[in-house]
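Enquirer: In the UniProt record's numbering, the protein residues as written are 1 to 158.
Ideal Cβ placement from N, Cα and C applies to all residues, glycine included.
Keep in mind it's a predicted model, so treat the numbers as computed, not measured.
Take a look at the following structure, please.
Laid out in structure tokens, this is it:
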């Protein structure tokens, strides 16, 4: 608070410390919160900054109250209940593998179809007498891509 005020006035530590009759190092430590100033010293610094002591004490009181949650109790008394913000929780690991890219997905679909087609062809070939390898497969009504894959597989199996 004191440092903000001094900087706002565009004054140096040396200038304020000289006017307040306090060492430059001690004033710096008070500004940074590393030393506590006595009431007499604080009054002297406030006079040097031309800031009322009551203003500095009021600001310090407000900041402490904010840190201690006094403001929350006041709002609660007025019927305003603040909503607590949950702390961030790391996202759980996905239960299933991530969806592959389109190219990978096409490859996976093709591999799955190939596997099913291989099983269907093997099963159909076992039912055909060994003397003749001709049989008919109903392909109508299938999606064009699947029908094309099946036709290729059937031709290569025959």
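Can you tell me whether DSSP reads residue 16 as helix, strand or coil?
Expert: helix
Enquirer: Go ahead and label residue 36 buried or exposed: buried means 16 or more other beta carbons lie within 10 angstroms of its beta carbon, across all protein chains shown.
Expert: exposed
Enquirer: I'd like to know whether the C-beta atoms of residue 2 and residue 29 end up nearer to each other than 7 Å.
Expert: no
Enquirer: For residue 14, I'd like the list of residues in its chain whose CB is within less than 7 Å of its CB, leaving aside the five on either flank, ordered along the chain.
Expert: 24
Enquirer: For the putative contact between residue 7 and residue 49, defined by C-beta atoms under 8 Å, what is the C-beta separation to the nearest angstrom?
Expert: Residue 7 to residue 49, Cβ: 11 Å. No contact.
Enquirer: Helix, strand or coil for residue 51, going by three-state DSSP, please let me know.
Expert: Here residue 51 sits in coil by DSSP.
Enquirer: Within a Cβ cutoff of 7 Å, which residues of the same chain sit near residue 26, ignoring the five residues on either side of it in sequence?
Expert: A distance below 7 Å between beta-carbons, with the five flanking residues on each side excluded, links residue 26 to the following residues of its chain, in chain order: 35.
Enquirer: Using only the alpha-carbon positions, how far apart do residue 52 and residue 45 sit?
Expert: 10 Å
Enquirer: When the Cα of residue 56 is compared with those of 4, 115 and 112, which residue comes out closest?
Expert: 4
Enquirer: What first and last residue would you give for the alpha helix (DSSP H) that runs through residue 38?
Expert: Segment: none, residue 38 is in no alpha helix (DSSP H) and carries neither H nor E.
Enquirer: Could you pull the start and end residues of the alpha helix (DSSP H) that residue 22 belongs to?
Expert: It is not in any alpha helix (DSSP H) - residue 22 carries neither H nor E in the DSSP assignment.
Enquirer: Residue 62 to residue 33, Cα distance in whole Å?
Expert: 16 Å
Enquirer: Alpha helix (DSSP H) containing residue 6: first to last residue?
Expert: 2 to 8
Enquirer: Taking just the CA atoms, how far does residue 9 sit from residue 22?
Expert: 19 Å
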